[in-house]
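**Q** Mind looking over this structure? Questions follow.
Protein chains in written order, with our numbering: chain A, 1 to 329; chain B, 1 to 329.
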């Protein structure tokens, strides 16, 4: 059946059933009213919006709709992870052509709901309208666990720069899927999963806050590009030692020299980059459920931005940069 | 200059300047971080998202970009008005073709900011991406003033149904602009202004709460369609006396018999429909800064939905229904 046959309200009823009715006492009004309403006694409220456009951010040719749902919700929750916050609720704004299959829309919503459930984040509102292509806009509403949050403007010279997880897998997965590259089944599975089913670093973000970290960002736009945001807002510069980057071995094995570029500017890695003292990072390494790797340090220079150096300290100049919309690379 | 020349981050910097930096102490993090962050000790948090698609919800051929900005922000705030809430912040997600003029985007943002300022609602975040047409998605974050909010599920049999303001002007304005209809200058001004520069009924929504009203909705999708939502969620029916509808005289004078249909199902009226006892409505009439008119009553029937009757109590059957996306009327 097509979306145009079931209609906006029919579709909303169907999607509301998939989203389910959250049972937490704090939620006062979910899907179906003019606005969602909830109670919160958290010190700090958080909200972030991300939009995903068909053939720009995702393509049904590459990823089934349920995977698109998972991925878009994961990317949205990642922003709350980068604040060290607790995601609570999501509003999903869908725009789609009238001839979209209802089964595709329900699959999309199932994917979002599945990932949301893993992080106790319920879809409590949104809207549906018609458009020439599918556009998904997800607002995540969250809160701080304690009084502190992670920002982009608090990095200080002398702090070490660290990242969670392994790098390059998301972008490598995208390259594999779009280029129809053939790898051995195990590698293909790792890369496909990294691109389609990322897990936002929610608990890791909260862990950073609990150890006194002040500064973090998620590096889904590319490590260099996102680190530049920290430099700009903290009025500092950063030096990255490329040999210390935790590039995923599967990416190295299958992409050779290209692996470094994927890790530095490929984007699609839903990892956290943060800055802190050596001592704090050592403690976090012991406590974190994922690898944590120091990759460089913050330096006192307002203008240099991000500098890459090799193992001998010599400047290293890669091609590419973080994904920026509109400017063709 | 085109959006593709200035780039995503250049555009964000430009738009952040237009939005300005709110000075309220509760705002912790505005535009430029992974998420916005603020403090709130309100009993209830509110959030709502609305999306507006070029050539579906707006057209640059009909309305200048600054007007589109005003209108989309007004429509978004209207959802908070319908909850009786206080809007606080907005997140704006913009998707646009790379060849969009930067001047058009800044005009759009100026319009949003101007309307937002009238209601002390600052844009504190969002994102920008590329898309085949312009898509504007606005999340409004608000809170309740006291403990109560207005919902759609609390209408009770015997309550009167009332609306704020005059009806039919928004839809009439749209018809005038799309059909290039010629009216006398005064009428043209009224209709154009109603369509392009609606004011959300923020203070009126809060007034309803303060007088003990429990049930309201905004009727921007059309009076009948939106009243049906109240009937469905409250499990009641509604009877509207068409002769009591406060159709705007300018609409009656220029659209003749069509005026009633515009008022009933044309949509685009950012008015509040609410239910309450006769006594409460009389008090609200005296206190409200706008006309308040009783147009019918809630009846104890789960299935009848919305019935229209004429002055003699006879059933009246209009053409059309509230705007529903996908289903062609």
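Cβ atoms here follow ideal geometry from the backbone N, Cα and C, with glycine treated the same way. This one's a predicted model, so the numbers in the text were calculated from it and none came from an experiment.
Given this structure, state the Cα-to-Cα distance separating residue 327/B from residue 215/A, to the nearest angstrom.
**A** Because residue 327/B sits at a pLDDT of 45, beneath the cut-off of 50, its placement in the model cannot be relied upon, and the following sentence gives the value as read from the coordinates. Roughly 48 Å separates the two Cα atoms.
**Q** Assign residue 152/B to one of two classes, buried (16 or more other C-beta atoms within 10 Å of its C-beta) or exposed (fewer than that).
**A** Residue 152/B is buried by the Cβ-count criterion.
**Q** At least one CB of chain B closer than 8 Å to the CB of residue 286/A: is that the case?
**A** Not closer than 8 Å to any Cβ of chain B, the Cβ of residue 286/A fails to qualify, so no.
**Q** Out of 166/A, 277/A, 97/A and 105/A, which one is the CA nearest neighbour of residue 133/A?
**A** Comparing Cα positions, the closest option is 97/A.
**Q** Do you know how far the Cα of residue 112/A is from the Cα of residue 266/A?
**A** Looking at the two C-alpha atoms, the distance is approximately 24 Å.
**Q** Output, in chain order, the set of chain B residues within a Cβ distance shorter than 8 Å of residue 79/A.
**A** Per Cβ cutoff of 8 Å: 34 and 35.
**Q** Hey, out of 81/B, 313/B and 169/B, whose CA is closest to residue 341/B's CA?
**A** Nothing about residue 341/B can be reported from this structure: the residues present for chain B run from 1 to 329 only.
**Q** Once you ignore the five residues that flank residue 158/A on each side, which residues in its own chain have a CB closer than 6 Å to its CB?
**A** Excluding sequence neighbours, residue 158/A sits near nothing in its chain.
**Q** Would residue 26/B and residue 45/B be called neighbours here (beta carbons separated by less than 8 Å)?
**A** Their beta carbons are not under 8 Å apart, which means residue 26/B does not touch residue 45/B by this criterion.
**Q** Given a cut-off of 8 Å, decide if residue 224/A and residue 294/A are closer than it, judged by their beta-carbon atoms.
**A** It is not a contact, given that the beta carbons lie outside the stated cut-off.
**Q** Look at the alpha carbon of residue 130/A and the alpha carbon of residue 1/A, and state the distance between them as a whole number of angstroms.
**A** So the alpha carbons of these two residues sit roughly 16 Å apart.
**Q** Please return the same chain residues whose Cβ sits closer than 6 Å to the Cβ of residue 324/B, not counting the five positions on each side in sequence.
**A** Only weak support exists for where residue 324/B lies, its pLDDT of 49 falling under 50; the value from the coordinates is given anyway. Cβ neighbours of residue 324/B beyond the five flanking positions: none.
**Q** Does the distance from the CB of residue 62/B to the CB of residue 191/B come in under 8 Å?
**A** Against a cut-off of 8 Å, the Cβ pair of residue 191/B and residue 62/B comes out as no contact.
**Q** Our contact map puts residue 263/B next to residue 167/B with C-beta atoms below 8 Å; I'd like the distance itself, whole angstroms only.
**A** With a Cβ gap of about 4 Å, residue 263/B and residue 167/B count as contacting.
**Q** Counting along the chain, where does the beta strand (DSSP E) carrying residue 125/A start and finish?
**A** Counting along the chain, the beta strand (DSSP E) containing residue 125/A begins and ends at 122 to 130.
**Q** Closer than 8 Å, CB to CB, is residue 68/B near chain A or not?
**A** By this cut-off, residue 68/B is not an interface position.
**Q** Just verifying my parser: in three-state terms, what is the DSSP assignment at residue 87/A?
**A** In the structure shown, residue 87/A sits in a strand (DSSP, three-state: E or B).
**Q** Starting from the beta carbon of residue 279/B, find every residue of chain A whose beta carbon is closer than 7 Å, and list them in chain order.
**A** Correct list: empty, because the minimum Cβ distance to chain A is about 25 Å.
**Q** Counting Cβ pairs, one atom from each stretch, are 3 or more of them under 8 Å apart for the region 17 to 36 of chain A and the region 18 to 35 of chain B?
**A** No, the region 17 to 36 of chain A is not in contact with the region 18 to 35 of chain B.
**Q** Is residue 68/B near residue 138/B, with beta carbons less than 8 Å apart?
**A** No, these two residues do not count as a Cβ contact at 8 Å.
**Q** Which class does residue 249/A belong to by DSSP, given the choice of helix, strand or coil?
**A** Residue 249/A: helix per DSSP, three-state reduction.
**Q** Using a Cβ cut-off of 8 Å, pull out every chain B residue sitting near residue 24/A, in sequence order please.
**A** By Cβ distance, chain B contributes nothing, its closest Cβ being about 13 Å from residue 24/A, past 8 Å.
**Q** Please confirm whether residue 327/B has its beta-carbon closer than 8 Å to some beta-carbon of chain A.
**A** Model confidence at residue 327/B stands at a pLDDT of 45, short of 50, so the residue's coordinates are unreliable and nothing is read from them.
**Q** Report the three-state DSSP secondary structure of residue 316/A (helix, strand or coil).
**A** Looking at residue 316/A - three-state DSSP - the assignment turns out to be coil, as it is neither helix nor strand.
**Q** Express the C-alpha separation of residue 75/B and residue 382/B in angstroms, rounding to a whole number.
**A** The structure shown does not extend to residue 382/B, since chain B is modelled only from 1 through 329, so no value can be given for it.
**Q** Leaving out five residues on either side along the sequence, give the residues of the same chain with a beta carbon under 8 Å from the beta carbon of residue 291/A.
**A** Counting only Cβ-Cβ distances below 8 Å, and skipping sequence neighbours, we find 164, 165, 166 and 246.
**Q** Is the number of C-beta pairs between the region 246 to 257 of chain A and the region 48 to 62 of chain B that are closer than 8 Å three or more?
**A** These segments do not touch.
**Q** Under 8 Å by Cβ, that's how I've got residue 220/A and residue 48/A pegged, so tell me the actual separation to the nearest angstrom.
**A** Incorrect: roughly 12 Å between the Cβ atoms, too far for contact.
**Q** Which residue from 285/B, 287/B and 11/B puts its Cα closest to that of residue 126/B?
**A** Out of 285/B, 287/B and 11/B, 11/B has the C-alpha closest to the C-alpha of residue 126/B.
**Q** Go ahead and label residue 169/A buried or exposed: buried means 16 or more other beta carbons lie within 10 angstroms of its beta carbon, across all protein chains shown.
**A** Burial call: buried.
**Q** What's the C-alpha gap between residue 280/B and residue 115/B?
**A** Rounded to the nearest angstrom, the two C-alpha atoms are 30 Å apart.
**Q** Return no unless some Cβ of chain B is closer than 8 Å to the Cβ of residue 224/A.
**A** It does not; no Cβ of chain B falls within 8 Å.
**Q** In the DSSP output, what is residue 45/B paired with across the bridge?
**A** Answer is 38/A and 143/B, bridged to residue 45/B.
**Q** Just to make sure I have the definition right: I need the residues of chain A whose C-beta is within less than 7 Å of the C-beta of residue 95/B. Which are they?
**A** Neighbours of residue 95/B on chain A, chain order: 51, 53 and 135.
**Q** Is there a Cβ of chain B sitting closer than 8 Å to that of residue 178/A, yes or no?
**A** Not an interface residue.
**Q** Candidates 143/B, 182/B and 58/B: which alpha carbon is nearest residue 108/B's?
**A** For residue 108/B, the nearest C-alpha among the options comes from 58/B.
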